[in-house]
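*Asks:* Sharing a structure here in structure tokens format.
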Amino acid sequence: MTKIAVCGAAGRMGQRIIVAAREAGCTVSGALERPGHEMVGQDAGLIAGCGALGVAISDDLNAVVEGCDVLIDFTTPKVSLKNLEVCALKKKSIVIGSTGFTPEERALAVELARDIPAVLAPNMSVGVNVCFKILKDVAKTLGDDFDVEIVELHHNKKKDAPSGTAVRMGEVVAEALGRDYNKVATYHREGICGERTKEEIGMQTVRGGDIVGEHTVYFIGMGERIEISHRAMTRDMFSRGSVRAAQWVVGKQPGLYDMQDVLGLK
Ligand SMILES: NC(=O)C1=CN([C@@H]2O[C@H](COP(=O)(O)OP(=O)(O)OC[C@H]3O[C@@H](n4cnc5c(N)ncnc54)[C@H](OP(=O)(O)O)[C@@H]3O)[C@@H](O)[C@H]2O)C=CC1
Ligand SMILES: O=C(O)C1=N[C@H](C(=O)O)C[C@H](O)C1
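Following the numbering used here, the numbering of the sequence shown begins with 25 at its first residue and continues without gaps.
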């Protein structure tokens, strides 16, 4: 039985991951929140709503990592990089779902995962990862004649924008079209901003209410349009995906993997 510890255990995703780990027959060996968090000391299962587990939410990163096979972490990039560093020191595996990594932070993650197997993915659902695969083919087939715009919608508590999934979708399309995402992504249009360039990929963000997560990539041509959309109705396919990744990654060769590796979509 895989021993899973969860970082961000009292958060929206952390709670669902604890439930998913139990449903998958894994042992929840530890649960983490930051020092001073009001949930430290509480039973992680009671907070997640799946009954007492006898696992108190801790603020002791070293002790929690020591006691697990794999840490699942849905927090922020800075916290995730620290967790990756500690997992590397203790030779434990890690699954990171946090989003909002800068290119420099991502490069650091690759470096830190040199000696341990780690999964880093902005979206752990099967549906979104199949969309990544489809998008590559669609973009390659359509080529430069269709304008690409990406729109994402999320709840009003989300801290990063655009979503990690939208950025990955932009990267997949840009790469398929032979463009550099960081040069062609256009996040803002206002005033007399000029005609749209052929190369740009528009990235639009909507925030409100309790939207779990919606992504649409528009390929807009003359007289026709293709829309590839994914809508998440609950967080459960993200949490199940993260547990699947945790079970998969333990024992793999060191290195940084993504959800396409876990699902065999490459
Ligand atoms: N890859 C995927 O499939 C998905 C990724 N995400 C991403 O996961 C991340 C978390 O999302 P969500 O659960 O909605 O966010 P929440 O804010 O609900 O949860 C994050 C939790 O992490 C806690 N935390 C902050 N700092 C630390 C620390 N140093 N040690 C331990 N815990 C800490 C937070 O505490 P506090 O409230 O005190 O800050 C909070 O309880 C985001 O980046 C989001 O984009 C979300 C869904 C799916
Ligand atoms: O913060 C969220 O909620 C989500 N974040 C991920 C992202 O940024 O892509 C994935 C999902 O859409 C939910």
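Don't be surprised by glycine CBs; every beta carbon is placed ideally from N, CA and C. Remember, it's a predicted structure, so these values are computed and weren't measured experimentally.
Which of the three DSSP states is assigned to MET227 in this structure?
*Replies:* For the purposes of this step, residue 227 is identified with residue 203 of the sequence shown, where counting begins at 1. Note: MET227 maps to strand in three-state DSSP.
*Asks:* Closer than 5 Å from C-beta to any heavy atom of ligand 2: which residues, in chain order?
*Replies:* Ordered along the chain, the selected set is THR123, PRO146, ASN147, LYS182, SER187, GLY188, THR189 and GLY237.
*Asks:* Tell me whether HIS254 is buried or exposed, calling it buried when 16 or more other Cβ atoms sit within 10 Å of its Cβ.
*Replies:* Taking the sequence shown and counting its residues from 1, the one referred to as residue 254 is at position 230. It is buried - the Cβ of HIS254 has at least 16 other Cβ atoms within 10 Å.
*Asks:* Should ILE174 and GLY226 be called a contact, given that it needs their Cβ atoms to be closer than 8 Å?
*Replies:* Counting from one through the sequence shown, the residue named residue 174 turns up at place 150. Counting from one through the sequence shown, the residue named residue 226 turns up at place 202. It is a contact, given that the beta carbons lie within the stated cut-off.
*Asks:* Name the DSSP bridge partner or partners of ALA142?
*Replies:* Translated into the one-based positions of the sequence shown, residue 142 becomes position 118. For ALA142, which the question treats as bridged, DSSP gives the partners ILE118 and LEU280.
*Asks:* Going by C-alpha distance, which of ILE41, CYS31 and GLY35 is nearest ASP260?
*Replies:* Stepping through the sequence shown from its first residue, residue 260 is reached at position 236. Looking at the Cα atoms, ILE41 is the closest of the given residues.
*Asks:* Please classify GLY237 as buried or exposed, where buried requires at least 16 neighbouring CB atoms within 10 angstroms.
*Replies:* Against the sequence shown, residue 237 aligns to sequence position 213. When all chains shown are included, GLY237 counts as buried.
*Asks:* Got a sec? Which residues, its chain only, sit under 7 Å from GLU224 by beta carbon, not counting five neighbours each side?
*Replies:* Taking the first residue of the sequence shown as 1, we reach residue 224 at position 200. Cβ neighbours of GLU224 beyond the five flanking positions: VAL208 and THR210.
*Asks:* Going by the beta-carbon positions, is the gap between VAL172 and VAL197 smaller than 8 Å?
*Replies:* Translated into positions along the sequence shown, residue 172 becomes position 148. Translated into positions along the sequence shown, residue 197 becomes position 173. Their beta carbons are under 8 Å apart, which means VAL172 touches VAL197 by this criterion.
*Asks:* Give a yes or no on whether the C-beta atoms belonging to LEU77 and GLY69 are separated by under 8 Å.
*Replies:* In the sequence shown, residue 77 corresponds to position 53, counting from 1. In the sequence shown, residue 69 corresponds to position 45, counting from 1. For LEU77 and GLY69, yes; Cβs fall inside 8 Å.
*Asks:* My guess is that ILE81 and GLU57 are in contact by the Cβ rule of under 8 Å, so how many angstroms apart are they, rounded?
*Replies:* By 1-based counting over the sequence shown, the position of residue 81 is 57. By 1-based counting over the sequence shown, the position of residue 57 is 33. Contact holds; Cβ gap of about 5 Å.
*Asks:* Counting only the same chain and skipping the five closest in sequence on each side, list residues whose C-beta sits under 6 Å from that of LEU85.
*Replies:* Taking the first residue of the sequence shown as position 1, residue 85 is located at position 61. Answer for LEU85: VAL110, listed in chain order.
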